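S.K.: Could you have a look at this structure, given as structure tokens, before my questions?
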């Protein structure tokens, strides 16, 4: 455990950030899973609605640096591509 005042503060901050990031990553996983389930069921309307919510959550996570911005864009793009395949 740290002894310096600044190191103790950094440790407290890292614990708070870790908790915040875990919440965000769990939310990402759940929303992306909802899109994938809708795609497997071939329900285009449900998939589009779930993608709208997932893209919002992914963009928010990227904005807050929980995940990289390009990773968020790549995930949204791949989900959209999968939805387009079942539409066709």
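In the numbering used here, the protein residues as written are 357 to 444.
Cβ coordinates follow ideal geometry from the N, Cα and C atoms, glycine included.
Bear in mind that the values here come from a model prediction, so they are computed numbers and not experimental data.
1) Work out the CA separation of residue 388 and residue 433 for me, nearest whole Å.
2) Could you give the first and the last residue of the continuous alpha helix (DSSP H) run that contains residue 400?
3) Could you check what DSSP says for residue 423 in three-state terms: helix, strand or coil?
4) Report the rounded CA-to-CA distance for residue 374 versus residue 380, giving the unit in angstroms.
5) Going by alpha carbons, who is nearest to residue 406 out of 423, 430, 377 and 386?
M.R.: Quick answer:
1) As a position in the chain shown, residue 433 is number 77, starting the count at 1. As a position in the chain shown, residue 388 is number 32, starting the count at 1. Between the C-alpha atoms of residue 433 and residue 388 there is a straight-line separation of about 12 Å.
2) By 1-based counting over the chain shown, the position of residue 400 is 44. Note, residue 400: alpha helix (DSSP H), 400 to 419.
3) Looking up residue 423 in the chain shown gives position 67. Here residue 423 sits in coil by DSSP.
4) Here residue 374 corresponds to residue number 18 of the chain shown, with the count starting at 1. Here residue 380 corresponds to residue number 24 of the chain shown, with the count starting at 1. In this structure, the CA atom of residue 374 is about 10 Å from the CA atom of residue 380.
5) Against the chain shown, residue 406 aligns to sequence position 50. Measuring from the Cα of residue 406, the nearest candidate turns out to be 386.
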